[in-house]
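S.K.: Residue numbers (our numbering), protein chains in the order written: chain A, 830 to 1257; chain B, 4 to 425. For glycine and all other residues, C-beta sits at the position ideal for the given N, C-alpha and C. Sharing a structure, written as structure tokens. Questions coming.
Given below as structure tokens:
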């Protein structure tokens, strides 16, 4: 009986039409007509890694400013026009990129192109709108960081893992810097990072790629390219011993967050670390969940976050501990389990389980126009090529048990770990 | 100008009731090679006995901790090795088991799902462990101010009505539940005549039907159905402050009595709520975020259940402006009830709702959820197919009336979680 060839490709990218306008704007279009919707993503190659101390958080604050009016569509117009055409939009800022999207019915395509090109060409930055967005962003920081236990811990952890690299500060920025950012800072930021040669547009869904490309060219071609963005500092010194921080906060139960500096997204080890992540903490039968949650009951949840970034990022482990458990006990078990993988490795069955779960997770991501457009943009921004969006499963399939053991040993070295412990504070 | 208003087309749907009373719904559609399966049992946390809040939730979680053929860890490993996910949970009206699996693994996964839902053994050690875990997890959840606010709102809005307690339960009740409570709940409420199985994906209808018959056809349970939950009464007007002395931001909820899912006010209500607090251009977003910078977010929503519902506004602000945000939200609400919507904003909001709707049906899991809700609430396919036409028909006066009837004007609860001294 012939063995069926493992199906690794999940996304047929032969249909993608890729083009670069003379001003440097990259355009990628994929017709896909299974649902009567279109997703339009604009990726700007800028995030908190491009910031400097004193104006940390400007990428994110600027993302808010993009909704406050441009030359053709004035203040409050962007969402009004879009919603009246049956669309909706949002955006996010990460350490590496700032991405904007619109999801809408095909009839609204030209309106969306008009709206997006208007703000790339002629955003209006006023003091009034800056002051108002500053307050909104401070509320966002209070929500996600100051009054969130995970937010508080994560902020501490990144500052332990990175001494020199801008990944050291949170994407939302330090509160004091948010206060300090000026309109001039925003103007300079816009000229450099929101120029067409620092951006890419992804259109996926029910549309004709040739006609859409012609529309995009018509609306964006008169926008001038910008100056070349400056380099990002890479001089992270080697870590020669564990680094720790304690967060004391009124809480009912302790928690533990650990992190290690991993490789850059482009490294072939990134896929092996994804497999390691699943072996350790995705699903009830993963090693850490079985040991810490089910067998020993020291934790109520354990998760691993391995986020691919342009520069070497963080592999982190987070555990919400049971209320009366000693943090040190849970910590010892965590190190033991990681050490077990680093010295003895994982089984072939564990790798196959991880590959099956990763395949489903990629399929989930690619199940919508929105998800496909995002995957293309993410692949190009982090890996330099949108075609990588279709290759994820090939990379996972190539990972073997030996690779998992090797990356665990190499990156999760005890001498290179950083630990943040939440100590519940009892108020009298 | 064209509007996204064409009727929604659904894939071919096969419906059938097995001799044991189980409703089966199968939708065959193209897309990614995953299948979505949803098993729904009527009766969720509203069936929790008194002083046993969280019991339905515990039963749903405990079911996958062991059957006659498999231990809990064996179930975990089998499901995950196939690249599938199996989840369980409850809301006030139903218990849900959700399975997402590679389409070629559907037979094996369905076998496990049927085993878990219809033949659990509730091993005593596993039930005890789950109780401990759920209690410990609540400690973490209740450290989140938004969770505290949501729970306080539910309780203030519904009082001792069966919708008034949190589906995840309260610590004391979870601690006192016994294994016998769990097993009895299962025997009584997990029965084919009260269950619905929905399968969506690139599947063959005949194959799936044969599979469902094979795995669920032998399931037996007591006949009859649980009595419907009584309609909730409007809340007593009050202000509830939950003291969290150390936070720098207050969580705010304002709630009033809503309507059940099948109410004729459902569509005008959705439109009115979207005008007040949906999307980025709503009245509340404009007043609170855009004009005053008081918050990062504010939204309003009708939560609709089988026997009633709640309307609520949800937001947060720095501690110093807590009173101001409540005042602005109430003023905007009162103004909307008085004036009703303008022509342009009504048209925009209807387009927004109509444009969003197809996005809520895009994945197999989303469609399975919608089809399960139709069956649970006994609604026709037109509820989906004609949604956009019905939204388009809503006029300004209908919106205003829905707002006046349900928005928090007189009988309302205001919940604030933050430092009480502020």
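Closer than 9 angstroms, Cβ to any Cβ of chain A: which residues of the stretch 101 to 128 of chain B, in chain order?
M.R.: If the cut-off is 9 angstroms between Cβ atoms, the stretch 101 to 128 of chain B has 103, 104, 105 and 108 near chain A.
S.K.: Who are residue 226 of chain B's beta bridge partners in DSSP?
M.R.: If you number the second chain from 1, residue 226 of chain B lands on position 223. Partner(s): none; residue 226 of chain B has no beta bridge.
S.K.: Could you check whether the Cβ of residue 932 of chain A sits closer than 8 angstroms to any Cβ belonging to chain B?
M.R.: Numbered from 1 along the first chain, position 103 holds the residue referred to as residue 932 of chain A. Yes, because at least one Cβ of chain B sits closer than 8 angstroms to the Cβ of residue 932 of chain A.
S.K.: Kindly give me the distance between the Cβ atoms of residue 994 of chain A and residue 1065 of chain A, rounded to whole angstroms, as I take these residues to be in contact under 8 angstroms.
M.R.: To locate residue 994 of chain A, count along the first chain from 1; it is residue 165. To locate residue 1065 of chain A, count along the first chain from 1; it is residue 236. Going by Cβ atoms, the distance from residue 994 of chain A to residue 1065 of chain A rounds to 5 angstroms, so yes, they are a contact pair.
S.K.: In chain A, which residues lie with their C-beta within 7 angstroms of the C-beta of residue 250 of chain B?
M.R.: Taking the second chain and counting its residues from 1, one reaches residue 250 of chain B at position 247. Going along chain A in sequence order, the residues near residue 250 of chain B (Cβ under 7 angstroms) are 976.
S.K.: Less than 7 angstroms between C-beta atoms, sequence neighbours within five positions excluded: which residues of the same chain meet that for residue 327 of chain B?
M.R.: Here residue 327 of chain B refers to the residue found at position 324 when the second chain is read from its first residue. The residues are 297.
S.K.: Could you work out which residues of chain A lie near residue 366 of chain B, taking near to mean beta carbons separated by less than 7 angstroms?
M.R.: Here residue 366 of chain B refers to the residue found at position 363 of the second chain. Here the neighbours are 1196 and 1197.
S.K.: Since residue 101 of chain B is in the beta strand (DSSP E), which residue starts that stretch and which ends it?
M.R.: Taking the second chain and counting its residues from 1, the one referred to as residue 101 of chain B is at position 98. Note, residue 101 of chain B: beta strand (DSSP E), 97 to 105.
S.K.: What are the residues of the stretch 834 to 865 of chain A that lie near chain B, defined by any Cβ-Cβ distance shorter than 8 angstroms?
M.R.: If the cut-off is 8 angstroms between Cβ atoms, the stretch 834 to 865 of chain A has 839, 863, 864 and 865 near chain B.
S.K.: According to DSSP, is residue 39 of chain B part of a helix, a strand, or is it coil?
M.R.: Stepping through the second chain from its first residue, residue 39 of chain B is reached at position 36. Strand, per DSSP.
S.K.: List, in chain order, every chain A residue whose beta-carbon is nearer than 8 angstroms to that of residue 426 of chain B.
M.R.: Nothing in the structure corresponds to residue 426 of chain B, since chain B is present only between 4 and 425.
S.K.: Mapping DSSP to helix, strand and coil, what is residue 259 of chain B?
M.R.: In the second chain, counting from the first residue as 1, residue 259 of chain B sits at position 256. DSSP places residue 259 of chain B in strand when its eight states are reduced to three.
S.K.: Determine the chain B residues that contact residue 1129 of chain A at a beta-carbon separation under 7 angstroms, and present them in chain order.
M.R.: One-based indexing of the first chain puts residue 1129 of chain A at position 300. Neighbours of residue 1129 of chain A on chain B, chain order: 136, 139, 140 and 143.
S.K.: Return yes when the Cβ of residue 21 of chain B is within less than 8 angstroms of the Cβ of residue 188 of chain B, no when it is not.
M.R.: In the second chain, counting from the first residue as 1, residue 188 of chain B sits at position 185. In the second chain, counting from the first residue as 1, residue 21 of chain B sits at position 18. No, these two residues do not count as a Cβ contact at 8 angstroms.
S.K.: Answer yes or no: do residue 1084 of chain A and residue 949 of chain A have a C-beta to C-beta separation smaller than 8 angstroms?
M.R.: In the first chain, residue 1084 of chain A corresponds to position 255, counting from 1. In the first chain, residue 949 of chain A corresponds to position 120, counting from 1. No, they are not a contact pair.
S.K.: Residues of the stretch 379 to 407 of chain B with a CB closer than 8 angstroms to any CB of chain A: list them in chain order, please.
M.R.: Cβ contacts with chain A come from no residue of the stretch 379 to 407 of chain B.
S.K.: Select from the stretch 1082 to 1099 of chain A all residues with a C-beta closer than 9 angstroms to any C-beta belonging to chain B, and list them in chain order.
M.R.: Answer set for the stretch 1082 to 1099 of chain A: 1082 and 1084.
S.K.: So, is residue 1255 of chain A buried or exposed, given that buried needs 16 or more other C-beta atoms within 10 angstroms?
M.R.: Here residue 1255 of chain A corresponds to residue number 426 of the first chain, with the count starting at 1. Exposed is the call here.
S.K.: Should residue 156 of chain B and residue 315 of chain B be called a contact, given that it needs their Cβ atoms to be closer than 8 angstroms?
M.R.: Position 153 of the second chain, counted from the first residue, corresponds to residue 156 of chain B. Position 312 of the second chain, counted from the first residue, corresponds to residue 315 of chain B. Yes, the pair counts as a contact, with Cβ atoms nearer than the cut-off.
S.K.: If you draw a straight line from the alpha carbon of residue 1116 of chain A to that of residue 59 of chain B, how long is it in whole angstroms?
M.R.: Translated into positions along the first chain, residue 1116 of chain A becomes position 287. Translated into positions along the second chain, residue 59 of chain B becomes position 56. When rounded, the distance between both Cα atoms is 29 angstroms.
S.K.: Nearest chain B C-beta to residue 1002 of chain A closer than 8 angstroms, yes or no?
M.R.: To locate residue 1002 of chain A, count along the first chain from 1; it is residue 173. So no, residue 1002 of chain A is outside the interface.
S.K.: I'd like the ranges of any beta strand (DSSP E) spanning at least 3 consecutive residues and lying wholly in the stretch 375 to 409 of chain B.
M.R.: Qualifying beta strand (DSSP E) stretches: none in this window.
S.K.: Return the residues of the stretch 1146 to 1163 of chain A that lie within a Cβ-Cβ distance of less than 7 angstroms from chain B, sorted by chain order.
M.R.: If the cut-off is 7 angstroms between Cβ atoms, the stretch 1146 to 1163 of chain A has 1149, 1151 and 1152 near chain B.
S.K.: What runs of the beta strand (DSSP E), each 3 residues or longer, lie entirely inside the stretch 926 to 1012 of chain A?
M.R.: Qualifying beta strand (DSSP E) stretches, in chain order: 927 to 933.
S.K.: Compare the C-beta of residue 340 of chain B against all C-beta atoms of chain A and say whether one is closer than 8 angstroms.
M.R.: Locating residue 340 of chain B in the second chain gives position 337, where the first residue counts as 1. Judged by the 8 angstroms Cβ criterion, residue 340 of chain B is not in contact with chain A.
S.K.: Tell me, please, whether the CB atom of residue 83 of chain B is closer than 8 angstroms to any CB atom in chain A?
M.R.: Your numbering for residue 83 of chain B matches position 80 in the second chain. Taking Cβ atoms only, chain A reaches closer than 8 angstroms to residue 83 of chain B, which makes this a yes.
S.K.: Does residue 302 of chain B come out as helix, strand or coil in the three-state DSSP assignment?
M.R.: One-based indexing of the second chain puts residue 302 of chain B at position 299. Reduced to three states, the DSSP call for residue 302 of chain B is strand.
S.K.: Give a yes or no on whether the minimum CB-CB distance between residue 799 of chain A and chain B is below 8 angstroms.
M.R.: This structure leaves residue 799 of chain A out entirely; chain A is present only between 830 and 1257.
S.K.: For residue 217 of chain B and residue 110 of chain B, what's the separation of their Cα atoms in angstroms?
M.R.: If you number the second chain from 1, residue 217 of chain B lands on position 214. If you number the second chain from 1, residue 110 of chain B lands on position 107. Rounded to whole angstroms, residue 217 of chain B to residue 110 of chain B spans 10 angstroms at the Cα level.
S.K.: Measure how close the beta-carbons of residue 142 of chain B and residue 1152 of chain A come, nearest whole angstrom, since I'm counting them as under 8 angstroms.
M.R.: Here the question's residue 142 of chain B lines up with position 139 in the second chain. Here the question's residue 1152 of chain A lines up with position 323 in the first chain. Yes, they are in contact, since the Cβ atoms of residue 142 of chain B and residue 1152 of chain A sit about 5 angstroms apart, within 8 angstroms.
S.K.: Does the beta-carbon of residue 1140 of chain A have 16 or more other beta-carbons within 10 angstroms, so that it is buried, or is it exposed?
M.R.: Position 311 of the first chain, counting from 1, holds the residue named residue 1140 of chain A. By the 10 Å Cβ count, residue 1140 of chain A comes out buried.
S.K.: In this structure, does DSSP put residue 1137 of chain A in helix, strand or coil?
M.R.: Start at 1 with the first residue of the first chain, and residue 1137 of chain A comes out as number 308. Of the three classes helix, strand and coil, the one that applies to residue 1137 of chain A here is coil, per DSSP.
S.K.: Evaluate contact between the stretch 198 to 215 of chain B and the stretch 33 to 53 of chain B, counting only Cβ atoms and requiring at least three cross-stretch pairs below 8 angstroms.
M.R.: Touching, per the Cβ criterion.
S.K.: Strictly under 8 angstroms for the Cβ-Cβ distance: is residue 1034 of chain A near chain B by that measure?
M.R.: Within the first chain, numbered from 1, the residue matching residue 1034 of chain A stands at position 205. Chain B, which has no Cβ nearer than 8 angstroms to the Cβ of residue 1034 of chain A, makes this no.
S.K.: As an exercise, report each continuous alpha helix (DSSP H) stretch of at least 4 residues that is fully enclosed by the stretch 1131 to 1178 of chain A, in chain order.
M.R.: Here the runs fully enclosed are 1156 to 1173.
S.K.: If contact means a Cβ-Cβ distance below 7 angstroms, which residues of the stretch 167 to 178 of chain B contact chain A?
M.R.: Taking 7 angstroms as the Cβ-Cβ cut-off against chain A, none of the residues of the stretch 167 to 178 of chain B qualify.
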